[in-house]
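The C-terminal position of the sequence shown is numbered 739 in the numbering used here, with every residue numbered one higher than the one before it.
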Amino acid sequence: MADCSITLGNKNYSSWSLRGWLVLERCGIPFEEIVVPLRQADTRARILEHSPSGKVPCLRLHEAGQDLVVWDSLAIAEALAERFPQAGLWPAEAAARARARAVAAEMHAGFGALRQWLPMDMRASRPAEGRKLRAAPGVEADVARVVAIWESCRRDFGAPAGGDFLFGGFGAADAAYLPVASRFRTYGIGLGGPAAAYAETLLAWPPLAAWRQAAETEPWVIEFPELDPILRPR
Ligand SMILES: N[C@@H](CCC(=O)N[C@@H](CS)C(=O)NCC(=O)O)C(=O)O
Numbered sequence: 506m507a508d509c510s511i512t513l514g515n516k517n518y519s520s521w522s523l524r525g526w527l528v529l530e531r532c533g534i535p536f537e538e539i540v541v542p543l544r545q546a547d548t549r550a551r552i553l554e555h556s557p558s559g560k561v562p563c564l565r566l567h568e569a570g571q572d573l574v575v576w577d578s579l580a581i582a583e584a585l586a587e588r589f590p591q592a593g594l595w596p597a598e599a600a601a602r603a604r605a606r607a608v609a610a611e612m613h614a615g616f617g618a619l620r621q622w623l624p625m626d627m628r629a630s631r632p633a634e635g636r637k638l639r640a641a642p643g644v645e646a647d648v649a650r651v652v653a654i655w656e657s658c659r660r661d662f663g664a665p666a667g668g669d670f671l672f673g674g675f676g677a678a679d680a681a682y683l684p685v686a687s688r689f690r691t692y693g694i695g696l697g698g699p700a701a702a703y704a705e706t707l708l709a710w711p712p713l714a715a716w717r718q719a720a721e722t723e724p725w726v727i728e729f730p731e732l733d734p735i736l737r738p739r
């Protein structure tokens, strides 16, 4: 058994899994992946074999002779930041770190409309559906808030630090927002200026290529009947 493993959902669909995987990838350590396809009859039982919350992602680290199990993407980022400070998951400077934690927590706890109406579907391109889904309650406000966060972090911290990400180099706040950039691309949510440039930068982060390749080739397809009230109103 590897010293580190992460249990994940389908790579095409599981945005929380992607966040956990991104911060782990950033640490540069070898790890094993356990992928459990979501929305199958045995999904819950299979996730519970690894994750006590019944949710993915879940990290397992073997250290000091013990297994440390951490579920929840934000808790995973914190646990890794403590153990691998050289990964720079949080900015070194206190004000930047406070803002990075605030915007990561805001993503973690909020953006319900964006999550409900623009589900991650990394390999798909659905601009026509995106035009309709953008009119769903709360989506426009969520998109505007994401853009405001990206632009203010880039202006106040990222650009002054000399890097292309929210606070300079790729960190946990960027991991929180990368699945959002993927959603914007899938649903053709057009952005301008610094927000558009940042979304491009996120999706071009080199380690993402391996995740995207797996998302494109995995066999599972999830339908989203919950979008029907907007896409196919009766
Ligand atoms: N707040 C949690 C959310 C985790 C979550 O909701 N994960 C979903 C997949 S994206 C899940 O495990 N669903 C279980 C299921 O569909 O049975 C985190 O940040 O890790």
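Glycine included, each C-beta is placed from N, C-alpha and C at the ideal position.
Ligand 1 heavy atom lying under 7 Å from the CB of residue i
i	result
residue 615	no
residue 622	no
residue 508	no
residue 608	no
residue 676	no
residue 726	no
residue 648	no
residue 516	no
residue 687	no
residue 548	yes
Three-state secondary structure assigned by DSSP to residue i
i	result
residue 673	strand
residue 519	coil
residue 513	strand
residue 541	coil
residue 648	helix
residue 653	helix
residue 723	coil
residue 678	helix
Beta-carbon proximity of residue i to residue j, cut-off 8 Å
i	j	result
residue 680	residue 586	no
residue 511	residue 526	yes
residue 618	residue 647	yes
residue 513	residue 520	no
heavy atom of ligand 3 below 7 Å from residue i C-beta
i	result
residue 574	With respect to ligand 3, the structure shown offers nothing to examine, as its ligands consist of ligand 1.
Continuous beta strand (DSSP E) assignments of at least 3 residues falling wholly in the segment 553-630
563-568, 571-576
Any contact between the segment 628-644 and the segment 548-560? By contact I mean 3 or more CB pairs, one from each, below 8 Å.
Short answer: they don't touch.
Can we say the segment 688-695 touches the segment 716-730, given the rule of at least three CB pairs closer than 8 Å?
These segments do not touch.
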